[in-house]
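To start, the structure itself, in C-alpha cells.
There are 2 protein chains.
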Amino acid sequence: MAAKPRRGDNPGELVFTALGGIGEIGMNLYLYGLGPEHQRRWLMVDLGITFPGEQEPGVDVVLPDPTFIAERRGDLDGILLTHAHEDHFGAVVDLWPRLQAPIYATPFTAALLRAKLAERPGLDLPIREIALGSRLQIGAFDVELVTVAHSIPEPNAVVIRTPLGLIVHTADWKIDADPITGAPTDEKKLRALGEEGVAVMICDSTNALREGVSPSEQAVGASIAEVIKSAKGRVAVTTFASNIARIRSVADAARAAGRELVIVGRAMHRMIEAAKETGYLPQGFRYHDQDAFSHFDRRQVLALCTGSQGEPRAALARIAAREHPAVSLGAGDLVIFSSRTIPGNEKSVGRLLNGLADQGIQTITDADRLVHVTGHPRRGELKQIYEWCRPQTLIPMHGEPRHLEEHARYGRSLGIPNVVRMRNGDIVRLLPGPPELVDKAPVGRLFRDGSLIVPDEDGPVRLRRKLAFVGLVAVSVVLERNGEIAADPEVALDGIPFETASGMAMEDKVLDAVEGALESIPRARRKDPALVRDAISRAARSAVNEAWGKRPICKVLVTVL
Amino acid sequence: MAAKPRRGDNPGELVFTALGGIGEIGMNLYLYGLGPEHQRRWLMVDLGITFPGEQEPGVDVVLPDPTFIAERRGDLDGILLTHAHEDHFGAVVDLWPRLQAPIYATPFTAALLRAKLAERPGLDLPIREIALGSRLQIGAFDVELVTVAHSIPEPNAVVIRTPLGLIVHTADWKIDADPITGAPTDEKKLRALGEEGVAVMICDSTNALREGVSPSEQAVGASIAEVIKSAKGRVAVTTFASNIARIRSVADAARAAGRELVIVGRAMHRMIEAAKETGYLPQGFRYHDQDAFSHFDRRQVLALCTGSQGEPRAALARIAAREHPAVSLGAGDLVIFSSRTIPGNEKSVGRLLNGLADQGIQTITDADRLVHVTGHPRRGELKQIYEWCRPQTLIPMHGEPRHLEEHARYGRSLGIPNVVRMRNGDIVRLLPGPPELVDKAPVGRLFRDGSLIVPDEDGPVRLRRKLAFVGLVAVSVVLERNGEIAADPEVALDGIPFETASGMAMEDKVLDAVEGALESIPRARRKDPALVRDAISRAARSAVNEAWGKRPICKVLVTVL
C-alpha cells in the first residue's frame, strides 16, 4: 500500500515540524518534508490562528510566522486543511499570499473558506475540494483522509503514506458513536491502518490530563432538551457557531418544547447557511431572524446566540447589557451556556454571568448540567486509538507543555515504543526511524493589527504595551542654527497622572524640567539635535519619575530654524 | 443586652452601605450609620483593595473610592478590620490619610498593619489593638467580635448591638472544627446570638454556588503530608503566604518526611515573622533561608514558595523560568499548588504549570488531590449559621452578582423572612425594619498607579488603555506670528506599524499628510493655534487610518515664534 516512489526519486527521509500547535493550543501549522534535503518537498497540514490576550492590546488575531516555509514555497506541494476551526484554518486568508500553494479541503471547510474570501475582494485562492475519506496525491505526498468525530462537521485525520512508512496525523478528534452530524470516528479504517503498520502517530493532547471517555454529542442533546423542556420563561442558548450538531440538537429541543427558534448573531447565520449548503442541516431547516423574538410569547421562544466567551460585541453580551436591539431577557428567563470557557476568557464570561444574574436571569453552564462536551479525546479515547493503530512512535501535538508531557507519559505507560517530546520549531526526522531531532526551524508570531500584519518581536504591539504601563511625554524644542533657543519648549502628556502628590500640574513640572535642561546645555552643544533630544528626554522622564515613580516614553521633536 | 443609648440620643435609624464588596469579590468597605440623619455616626468595617486586571495596565492595586465617608470623616467613629487579607485591609495605608479615624484590629492583623507601615516612613496610624472575642464601644457603636474560621489567623465576625436591634456582619468565614491556627468558628456564641435575636445578618456569598461543606484545614494538611511522603525528588509547595495554618501543615509534613524546610519569597518570611510574634507559629519554628536549598540532598529538602498565582516576579515563576538565584528544580521533582487560581490569573498560572512541565517537573493542584481548601462557607455551612443565628433579614455580601443572587435565592429557600438584594452604593435602612433602600452613596474605584493615587473615571489609566490599542503620533509645527510656516513640521510615532502595506514608512506618510494639511490652511487662519492643532491632528489620524485602519491619539505641539 505504500506510495510508489516516482522515477528517479531517492526516498531520502521524512521530516516533521510545527510552526505552531506543539506547546500551545491554537495556531496549528504542521509541516511534513519528504525526500533528500536538497530536493525536499513539503506538505502543510493546517494553517490556524489563535486569539490575543492581555499582552497583545489592539491585536485582532495571532498568526504563526510562516517564514520557514515561505522561504521554501517553491517546494510546498499543498496546504491540507483538516477542518474549519479558526485554530486550524483561520490564517489561510492572511498568510496564503506568502505561500501561494494549492489548498485542499473537504466541502464544508471549503464552503467556509469561500465565505471568508467573499469578505476579501481581490484575493482568489486555489481551493481544491476533496471528498471525505478520499485518497489523493498532493505533489510528492500520498494522502488519505480518515473521518473522525469532533465539534464541527467534517473533521479529518490524515494518513501520509511514504516509501519509508506510514504516518497518522490525527488533527482534532474524539470517539463518538453518535456525533449527530456526519459519521462516527472511522474505527474500521483506523484498525486497518494498524494492520498496515503505523510508523508514527501525531496526536491531539488537549485532554490528556482527563481520565475516562467524553460523553457523546447525542447525550448532550438529550440533556439540553430536558433543561429546555422544564424552562418556564424565555430561553436563550449560546454555543460555538461552528458546532452544527449542537445547533441541530438545540433546534430539535426547541421544537419538542413547542418553542420557536430564533437565530441571533451574524456568525451563527453564516454557519447555518454553510451547513445547509453542504447538507449538514436540512434544506428545510427553519428559523426566525432576531426581529421575530419579541413577537413570541415568553414560553414559546428560544434564542440561539453567539457570544459564549463574553465577547463584548457579540449577541449575548449585548443582551446581558440590555443593549440588544431585538432580544431582551428578564427575571425568570434562562440562559444555557452550551460551551466551555476558553482559558483567558474567564473574566469576560464572568462579567456576562454577572450581568445576567443582576437581571434575575438564571444561567446553566456545563458545571451544572451536561450541556456541553469536549471535541477532544480523553485518556480512554487515546488508549483506544493506540490499540487500533499500534503506532511505533507517538508525537504528542496540539497542547500546552503540561498536556504534551502528560500525553507523552501516558503513551509510554501504554507501551508505545518511541515517544518524542518536541516543540514548535523542532525539526524531527520521523523516518527512517527511530525519530531524531535534526534541526530547528525559526518560529514566531505575527499579529493582525488593524489592517496590517506586523511582527511580534520588535513590532508596534510591544511598544504599545509599554505605553500602556508608563504613558508618553511629547516635547517640542525650537532652536536657531547657532544653538540659540528660539522659543519656549512645548510639552504634551498622555496617560500620565495630571497632578503630582502636592497638587502641581504634571505638565508644568515637566515643562520646568525641560526648560531647565535646555538652558543648562551650552549653546554650542545645542547645535547637535541628538544631544538635545537625549538631554531633554532624560530630564522629562526624571521629572515624571520623581513625581510618579515611573519613567514614561519621551518623544522629543527638535526643529532647527 | 442591647447597647444603652447615651443620654439625649435619639436612636434614629441604623443604615448600611458598601463602597466595595457587594457585587464583587475584593475591595471590601462596609459602613454602618447610626442615629438620626443630622447627627449620624459611622463605623467602617474593613478597607480592602482588589488587584487590577487587563483593563488596568500599569496599576498596582485598585482601591474603593472613599469619597462618601471621607466627606463625613468627622462623623466616622472608627475603622474596624475583621482580618488581614488584602481585600479587607489592604487599602488602609493608602486611604487612611483621607479618613483619619482610629483603627481597631486584633493582634495578628495589627502586626501585619505595622509591618506595612514600616515601609511608609512618615505615616503613623492610630492602631487600637483589641482582643479576640472582645466587646467594646467604638464611638456610638457597641461592637463584639466572634471568632470564626478562615484561611488566615484571627478572622472575626462582628456583632453590632444597637438600641434598634442586633446585626451580625460575618466577614469572611467558614466552619472548621480543626482550623490548625486559632479556635474553631464560635458555635456557642453564634447560637447565643440566635437566642438574643439577630435582626440582620450580612453574610459572605463567595461559595453560595457550591453545595456541601468544605473540608477542614486538618484534612488538607493530612493529604499534603501523604503527597510529600511519597515524593522521590525535590519538593516545592506554593501557597498564600497569609495561610499560616497551611504553612504549619507543610512544615509538619516536611519534618515527617525527613525533609528540611526552606522558605523562599519575601512575603512568606514576613508572614512567618508576624505569626511567630503573635503566637500562631511557635517561637522555635525552624526553617532555612533560600541559600540553603542547594546544600540539601534532593530527597531531603522542601521549598515553601510564594507565587501560586503565577506572579512573574515571585519565587515560583522565577524557579519555573530557571532564573531563581537559589532554587532550581528539574526532571522528577514535584511542585504542589496548595492554592486556588484566583479568577483572572488562569493564564499566568497556566504559564507557570507549562514552564514546570517543560522541565519535566510534576505538578499537583487542587484538581488532582486535596491540597487546598476554600476559606469561605459552602451552602451547607450557610444553612448551619442561619440555623444558629435565625436572622430576620439576610443581606448577601462579598460576592459577584451571580453569587449574591444565588445566596439570596438560597436564603429565601431556607425561610429567612427578609432577603435584601443590594449592591455597592445602595444605602439601606436596616432598622427599624423591614429593610428598605433609602439613598445612594457615590461609589467608584481609585488606582495606585506608580506612587500616586489616581481616579478610574477620567483618569490616566483609561488614556493608557486607549494608547495600548491605537498608539500615538506627536507632531511639532513652528509658525511665525503672521501665520507663515517657519520650518518643516516634525513627527514622531509610537506603537504604530512602521510601514504601510505597500512598504512606505508610516512616518513619511504622516509627514506628507501633515505638510499638506498645514499648507492648505490659509496663512491668516494659521494664526489660530487651536485651528492648526485640530487640522493637523485630523490629517495625521486620517493618514494613519488609511494605512492601518485605526486612528491613533495625536498630540500637536504648535510653537509661535
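Residue numbers (this note's numbering), protein chains in the order written: chain A, 1130 to 1690; chain B, 1130 to 1690.
No residue lacks a Cβ here, since even glycine has one placed at the ideal position from N, Cα and C.
May I ask you to list, following chain order, the residues of the region 1633-1648 of chain A that have a beta carbon less than 8 Å from some beta carbon of chain B? none
Please work out which residues of its chain come closer than 6 Å, Cβ to Cβ, to Met1130 (chain A), disregarding the five sequence neighbours upstream and downstream, and give them in chain order. In this predicted model, Met1130 (chain A) has a pLDDT of only 39, less than 50, meaning its place in the structure is not dependable enough to derive any value.
Under 6 Å Cβ to Cβ from Gly1357 (chain A), same chain only, skipping five residues before and after it: list those, please. Rather than Gly, the amino acid found at residue 1357 (chain A) in this sequence is Ile. Val1364, Ala1382, Ala1386, listed in sequence order.
As assigned by DSSP and simplified to three states, the class of Ser1605 (chain B): strand
Coil, strand or helix - Asp1587 (chain B) by DSSP: coil
Run through the DSSP bridge pairs and tell me what Cys1683 (chain B) is partnered with. B:Val1602
Which residue comes first and which comes last in the alpha helix (DSSP H) that contains Lys1638 (chain B)? 1635-1649
Give the single residue among A:Phe1218, A:Gly1262, A:Leu1559 whose Cα lies nearest to the Cα of Leu1242 (chain A). A:Phe1218
Over what stretch of residues does the beta strand (DSSP E) that includes Arg1290 (chain B) continue unbroken? 1285-1291
Quick one: is Lys1133 (chain A) buried, meaning 16 or more other Cβ sit within 10 Å of its Cβ, or exposed? Unreliable placement is indicated for Lys1133 (chain A), whose pLDDT of 48 sits below 50; the coordinate value is still reported in the next sentence. Looking at its Cβ environment, which holds fewer than 16 other Cβ atoms inside 10 Å, Lys1133 (chain A) is exposed.
Say whether the region 1272-1280 of chain B touches the region 1238-1258 of chain B, bearing in mind that this needs 3 or more beta-carbon pairs closer than 8 Å, one atom from each stretch. no
Inter-residue spacing [alpha-carbon to alpha-carbon] between Lys1638 (chain A) and Leu1647 (chain A): 14 Å
For the candidate residues B:Leu1560, B:Pro1561, B:Asn1553, whose alpha-carbon lies nearest to that of Pro1571 (chain B)? B:Asn1553
With DSSP run on the structure shown, which of helix, strand or coil describes Gly1547 (chain A)? It is Asn, not Gly, that sits at residue 1547 (chain A) in the sequence shown. Here Asn1547 (chain A) sits in strand by DSSP.
Along chain B, which residues have their Cβ under 9 Å away from the Cβ of Leu1581 (chain A)? Pro1626, Glu1628, Thr1629, Ala1630, Ala1676, Trp1677, Gly1678
Contact with chain A by Gly1484 (chain B), beta-carbon distance below 9 Å: yes
Name the chain B residues whose beta carbon is nearer than 8 Å to that of Gly1150 (chain A)? The premise fails here: Gly1150 (chain A) is roughly 14 Å from chain B at the closest Cβ pair, so nothing lies under 8 Å.
9 Å Cβ cutoff, Phe1598 (chain A) in contact with chain B: yes
What in chain A is Cβ-close to Phe1472 (chain B), meaning under 8 Å? The residue you asked about is not Phe; residue 1472 (chain B) is Pro in the sequence shown. Near Pro1472 (chain B) (Cβ distances below 8 Å), the residues of chain A are Glu1475, Lys1476, Gly1479.
Tell me whether Gln1184 (chain B) is buried or exposed, calling it buried when 16 or more other Cβ atoms sit within 10 Å of its Cβ. exposed
Do we get a CB-CB distance below 9 Å when we pair Leu1252 (chain A) with the residues of chain B? no
Would you report the Cα separation of Leu1160 (chain A) and Leu1338 (chain A), rounded to the nearest angstrom? 26 Å
When you compare the CB of Lys1245 (chain A) with every CB in chain B, is at least one pair closer than 9 Å? no
Where Val1689 (chain A) and Glu1628 (chain A) are concerned, what is the direct C-alpha to C-alpha distance, given to the nearest angstrom? 32 Å
State yes or no: is the C-beta of Leu1322 (chain B) within less than 9 Å of the C-beta of Val1342 (chain B)? no
Kindly list, in the order they appear in chain B, the residues whose Cβ is closer than 7 Å to that of Thr1688 (chain A). Ser1605, Val1607, Ala1616, Glu1619
Answer yes or no: do Gly1528 (chain A) and Glu1475 (chain B) have a C-beta to C-beta separation smaller than 9 Å? no
Where Gly1350 (chain A) sits in the DSSP three-state scheme: helix
Determine the burial state of Pro1618 (chain B): buried for a count of at least 16 other Cβ atoms within 10 Å of its Cβ, exposed for fewer. buried
Look up Lys1569 (chain B) in the DSSP assignment and say whether it is helix, strand or coil. strand
Can you confirm whether Glu1534 (chain B), when its beta carbon is compared against all beta carbons of chain A, has any partner nearer than 9 Å? yes
Residue interval of the beta strand (DSSP E) (run including Ala1147 (chain B)): 1142-1149
Rounded Cβ spacing between Leu1192 (chain A) and Ala1220 (chain A) (contact assumed at less than 8 Å): 5 Å
Tell me which residue opens and which closes the beta strand (DSSP E) that Thr1522 (chain A) is part of. 1522-1526
Spatial distance of Val1379 (chain A) from Gln1429 (chain A) (CA atoms): 14 Å
Please report the straight-line C-alpha distance between Arg1548 (chain B) and Gln1488 (chain A), rounded to a whole angstrom. The amino acid occupying residue 1548 (chain B) in the given sequence is Val; Arg does not appear at that position. If you take the alpha carbons of Val1548 (chain B) and Gln1488 (chain A), they lie about 16 Å apart.
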